[in-house]
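Peer 1:
Residue numbers (my numbering): -13 to 197.
1) Using alpha carbons as the reference points, say which of 93, 2, 102 and 69 lies closest to residue 39.
2) For residue 175 and residue 116, what's the separation of their Cα atoms in angstroms?
3) Any chance the stretch 20 to 28 sits against the stretch 93 to 102, with 3 or more Cβ pairs inside 8 angstroms?
4) Thinking just about the alpha-carbon of each residue, which of 151, 15 and 28 is nearest to the one in residue 34?
5) Where do the ends of the alpha helix (DSSP H) carrying residue 224 lie?
6) Taking the straight line between their C-alpha atoms, what separation do you get for residue 67 and residue 41?
7) Taking Cβ to Cβ, would you say residue 47 is nearer than 8 angstroms to residue 78?
8) Can you tell which of 105, 112, 60 and 72 has the C-alpha that lies nearest to the C-alpha of residue 82?
9) Extract the residue ranges of the alpha helix (DSSP H) inside the stretch -12 to 69, only unbroken runs of 4 or more that lie entirely within it.
10) Tell me the DSSP secondary structure of residue 93 in three-state form.
11) Give a yes or no on contact between the stretch 54 to 66 and the stretch -11 to 7, applying the rule of three or more CB pairs nearer than 8 angstroms.
12) To the nearest angstrom, how far is it from the Cα of residue 51 to the Cα of residue 3?
13) Please classify residue 30: is it buried, with 16 or more other beta-carbons within 10 angstroms of its beta-carbon, or exposed?
14) Going by beta carbon distance, what residues of the same chain come within less than 8 angstroms of residue 187, once the five residues before and after it are set aside?
15) In chain order, what residues of the same chain lie with their CB nearer than 8 angstroms to the CB of residue 168, ignoring the 5 residues before and after it?
16) What residue range does the alpha helix (DSSP H) around residue 118 cover?
17) Measuring only the C-alpha atoms, how far is residue 146 from residue 139?
18) Specify, as a first and last residue, the run of the alpha helix (DSSP H) that residue 141 falls within.
19) Check residue 186 in the structure and name its three-state DSSP category.
20) Taking C-beta to C-beta, are residue 203 and residue 71 nearer than 8 angstroms?
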């Protein structure tokens, strides 16, 4: 039962990474083509700096979220691992509301750096709720003799998500930008709701190891 529960989570994890990895794909294209980058010390900042935004937020937000979870635990209200993963997917999806609004406001022109940076901050929160929690969950829930295989399956789901990200990214050039980002939003929220819907059966299959 625990193995099947993890297989379901890995399948939904594919959707998460397919949406999340747009930050290095279509979001990077947006930052390059439709963003006004500021000038610092007389030199215009290159759009390649956008690739540093996500790591920056990981370093700054991870300690804060860790303290928040510790605070929740002290009050006896910390969410289960499966619930955290559902929240992570939903936050990821909701983060693209920013880009939907930005795309409608900017149109085919160029706009503020606020749109891709703020969206990236939000989706990084989603990543912190899912990625490290998922890694920990696999090691805790997997039967001892299957831990390595299940970890491989977890990373395989990330691999498949990255491939799917490329296929999804093709529509960035075919659809209106606001429709494309709305599609990403729907995928993220749908994956989160699917994890939430399976929360009770998954938690039951995993037992107290899913806490």
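Positions of the beta carbon are idealized from the N, C-alpha and C atoms, including for glycine.
Peer 2: Here's the rundown:
1) If you number the chain shown from 1, residue 39 lands on position 53. When each option's Cα is compared against that of residue 39, the closest is 102.
2) Taking the chain shown and counting its residues from 1, one reaches residue 175 at position 189. Taking the chain shown and counting its residues from 1, one reaches residue 116 at position 130. In this structure, the alpha-carbon of residue 175 lies about 13 angstroms from that of residue 116.
3) Contact between the stretch 20 to 28 and the stretch 93 to 102 is present, because at least three Cβ pairs lie under 8 angstroms.
4) On the chain shown, position 48 is the one that residue 34 refers to. Among 151, 15 and 28, the Cα nearest to that of residue 34 belongs to 15.
5) Any question about residue 224 goes unanswered here, given that the chain covers just -13 to 197.
6) Taking the first residue of the chain shown as 1, we reach residue 67 at position 81. Taking the first residue of the chain shown as 1, we reach residue 41 at position 55. Residue 67 and residue 41 have their C-alpha atoms some 23 angstroms from each other.
7) Residue mapping note: residue 47 aligns to position 61 of the chain shown, counting from 1. Residue mapping note: residue 78 aligns to position 92 of the chain shown, counting from 1. No, they are not a contact pair.
8) The residue you call residue 82 lines up with position 96 of the chain shown. Measuring from the Cα of residue 82, the nearest candidate turns out to be 105.
9) Runs found: -12 to 6, 12 to 19 and 39 to 60.
10) Taking the chain shown and counting its residues from 1, the one referred to as residue 93 is at position 107. In this structure, residue 93 counts as coil in the three-state DSSP scheme.
11) Contact between the stretch 54 to 66 and the stretch -11 to 7 is absent, because fewer than three Cβ pairs lie under 8 angstroms.
12) Working through the chain shown from its first residue, we reach residue 51 at position 65. Working through the chain shown from its first residue, we reach residue 3 at position 17. Their Cα atoms are separated by approximately 20 angstroms.
13) Counted from its first residue, the chain shown places residue 30 at position 44. With fewer than 16 other CB atoms across the displayed protein chains lying within 10 angstroms of its CB, residue 30 is exposed.
14) Within the chain shown, the letter at position 201 stands for residue 187. For residue 187, where only same-chain residues beyond five positions count, the Cβ hits under 8 angstroms are -9.
15) On the chain shown, residue 168 is found 182 positions in, with the first residue counted as 1. Around residue 168: 82 and 86.
16) If you number the chain shown from 1, residue 118 lands on position 132. That run of the alpha helix (DSSP H) goes 100 to 127.
17) Translated into positions along the chain shown, residue 146 becomes position 160. Translated into positions along the chain shown, residue 139 becomes position 153. When rounded, the separation of the alpha-carbon atoms in residue 146 and residue 139 is 10 angstroms.
18) Stepping through the chain shown from its first residue, residue 141 is reached at position 155. Bounds of the alpha helix (DSSP H) holding residue 141 are 133 to 155.
19) Here residue 186 refers to the residue found at position 200 of the chain shown. Helix at residue 186.
20) Residue 203 is absent from the model: the chain starts at -13 and stops at 197.
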